[in-house]
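Numbering (the numbering used here), first residue to last: 51 to 348.
(1) Mapping DSSP to helix, strand and coil, what is residue 330?
(2) Is it the case that the Cβ atoms of residue 122 and residue 261 are separated by a distance below 9 Å?
(3) Compare the C-alpha of residue 164 against each of 304, 136, 183 and name the closest.
(4) Skipping 5 residues on each side, what residues in its chain have a beta carbon closer than 6 Å to that of residue 180?
(5) In angstroms, rounded to a whole number, what distance separates the CA positions of residue 66 and residue 284?
(6) Return the bridge partner residues of residue 248 from the DSSP annotation.
(7) Would you give the residue range spanned by the beta strand (DSSP E) that residue 270 belongs to?
(8) Using CA coordinates, which residue listed in 89, 305, 169, 173 is at the minimum distance from residue 107?
(9) Select from 94, 291, 303 the residue whose C-alpha is nearest the C-alpha of residue 148.
(10) Let me make sure I understand the geometry here. Which of 139, 303, 325, 264 has the alpha-carbon closest to that of residue 293?
(11) Let me make sure I understand the geometry here. Which of 312, 282, 89, 291 has the alpha-carbon closest to that of residue 175?
(12) Under three-state DSSP, which class holds residue 69?
(13) For residue 298, write down the residues that DSSP places opposite it in a beta bridge.
(14) Would you report the Cα separation of residue 197 and residue 171, rounded to the nearest angstrom?
(15) Quick check: residue 287 and residue 329, are their CB atoms within less than 9 Å of each other?
Structural data, given as structure tokens:
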């Protein structure tokens, strides 16, 4: 059991999973989107923004060792109707990389602080994996903050209870090695081993996100980890959609039991999808989100 769970978490790192940490990285302009930063919870958080006056705001929160532009393809699908903000979480992308802390509660305060600093009223929150856990706890902690919550394959089981924290340094070393691995090698590895069949630009974003991740981001796995959905979900009052990767029946049942704790939510398993649903089944994810958002205004 211990070895299996460790393998699953290694896959998680490469699925979601820096230029040298001593090297200052600056974002290159992407499309017509704004690249900017804001001070939140004592650190500088970078974000990309599609913009547009009078549009509802969507904030997208990435998974561990990813960054904001991992959302680029999905954001492009929705930017005509929504003002979309893709953040780089602390320790990731072009945001500040403090030594500590990296617990989920700190990520929540980072997100809430960014929303307040930008003067955003009731954004729609979308989060993948770690980002799904962050937006879930944000919505539970600040029930009046989000208009809606959409989680892409968030952690829904306490797998870490079987592991000891002495394994975390191994994961940190793995992330450190990725920061100095040539970008083309990372891209080739993703194409052949981890994520075959993606569009070419997705591999570029994936590899850059690995170069820009601090090994310290793995510290979120300490202690409470990603949080316990059984305690968090009952306190989320905003309409909620959970999109989960394909899974065996036993796990589907557990996921549905957890989702049933949401006062106003539903869970959909996406057949044939892995951890990155938006890349594995992009049209299915887009349609599920559109249907969910369209129903909000009815």
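Just so it is clear, CB atoms sit at the ideal spot from N, CA and C, and this is done for glycine as well. Since the model is a prediction, treat every value here as computed from it, not as a measurement.
Looking at the coordinates:
(1) helix
(2) no
(3) 136
(4) 113, 114
(5) Here residue 66 scores only 45 on pLDDT, less than 50, and its place in the model is too uncertain to base an answer on.
(6) In the DSSP output, where bridge partners are listed per residue, residue 248 has none listed.
(7) Run containing residue 270: none; DSSP gives neither H nor E here.
(8) 173
(9) 94
(10) Of the candidates 139, 303, 325, 264, the residue whose Cα lies closest to the Cα of residue 293 is 325.
(11) The shortest C-alpha separation from residue 175 is found at 291.
(12) The pLDDT assigned to residue 69 is 38, lower than 50, so where the model puts this residue is not dependable; a value taken from the coordinates is nonetheless given after this. Residue 69: coil per DSSP, three-state reduction.
(13) Per DSSP, none; premise fails for residue 298.
(14) 9 Å
(15) No, the pair does not count as a contact, with Cβ atoms beyond the cut-off.
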